[in-house]
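Using UniProt numbering, you'd call the opening residue of the sequence shown number 1 and step up by one each time.
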Amino acid sequence: MTVHTIEKSSYPSDEAASKSSLQYRQHHAAPYFRCAVLDEHGEFPQVIGYICSTRTTAFTAQSMSQHDSAGPILAMHSVAVQEPYRRKGIATSMLADYLKAMEAMDDGIECIQLLAKESLLGFYVKCGFQVTQLSPIRHGKDMWFDLERKLNKDNLQAQQERPCWIVDSFAREGALGSGN
């Protein structure tokens with residue numbers, strides 16, 4: 001299945017990106033276009049989901065069709081998963097991996113912004129985004145909300161440097177690492 005096919009099956013026709021828009025994003029903003037591929041038994045790998053974004057200096061309707069490689073804002077356009085793989089945690093895993101990769105990049109991105117419908121606000125909030133406002137951007141017939149997540153590269157480094165201890169609370173009394 002192609003990314004464009006997933007896009008068309010994930011959004012109403014008045015909201016889905018065109019094939020040429022997806023190709024533009026993939027070509028001009030390749031570091032921000034990531035796919036989840038299922039490769040069962042190493043025979044027929046297939047794209048089952050994707051996330052695509054472009055960089056911009058301002059999150060506007062016009063900026064959604066452009067890519068400014070020096071823009072401090074990463075505008076996320078799609079988080080989409082093939083129908084048979086939805087509601088299985090794939091989008092959450094894809095987005096967590098994507099956010100981790102974006103925080104690890106050292107390329108001047110300060111935040112990620114996106115549009116979401118009301119039904120998906122809980123998903124994005126759970127993934128670390130904050131709802132900022134009812135969006136002034138009109139895309140299709142439904143109302144959208146603006147969401148944002150600041151990229152905290154210092155926090156990522158601190159998390160990577162934090163020591164980790166494994167404690168067995170059922171170990172022998174008096175032994176190193178024992179007890180609660």
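Think of the CB as a built atom: it goes at the ideal place given N, C-alpha and C, for glycine as much as any other residue. On a predicted model such as this, the values are computed, not experimentally measured, just so you know.
CA nearest to the CA of residue i, picked from the options
i           : options            : result
residue 112 : 79, 26, 3 and 119  : 79
residue 84  : 26, 92, 48 and 116 : 48
residue 120 : 105, 143 and 108   : 143
residue 9   : 39, 40, 41 and 50  : 50
residue 103 : 151, 23 and 131    : 151
residue 126 : 149, 1 and 23      : 149
residue 21  : 54, 70 and 81      : 54
residue 19  : 92, 52, 40 and 57  : 52
residue 82  : 76, 91 and 145     : 91
Contact check, residue i vs residue j, beta carbons under 7 Å
i           : j           : result
residue 45  : residue 37  : yes
residue 12  : residue 140 : yes
residue 98  : residue 34  : yes
residue 4   : residue 28  : no
residue 114 : residue 135 : no
residue 60  : residue 71  : no
residue 74  : residue 109 : yes
request  = Could you tell me which uninterrupted beta strand (DSSP E) segments, each at least 3 residues in length, are contained entirely in the UniProt domain "N-acetyltransferase" (1-148), listed from first to last along the chain?
outcome  = Counting only runs that start and end inside the UniProt domain "N-acetyltransferase" (1-148), the beta strand (DSSP E) elements of at least 3 residues fall at 33-38, 46-56, 73-81, 111-116 and 130-134.
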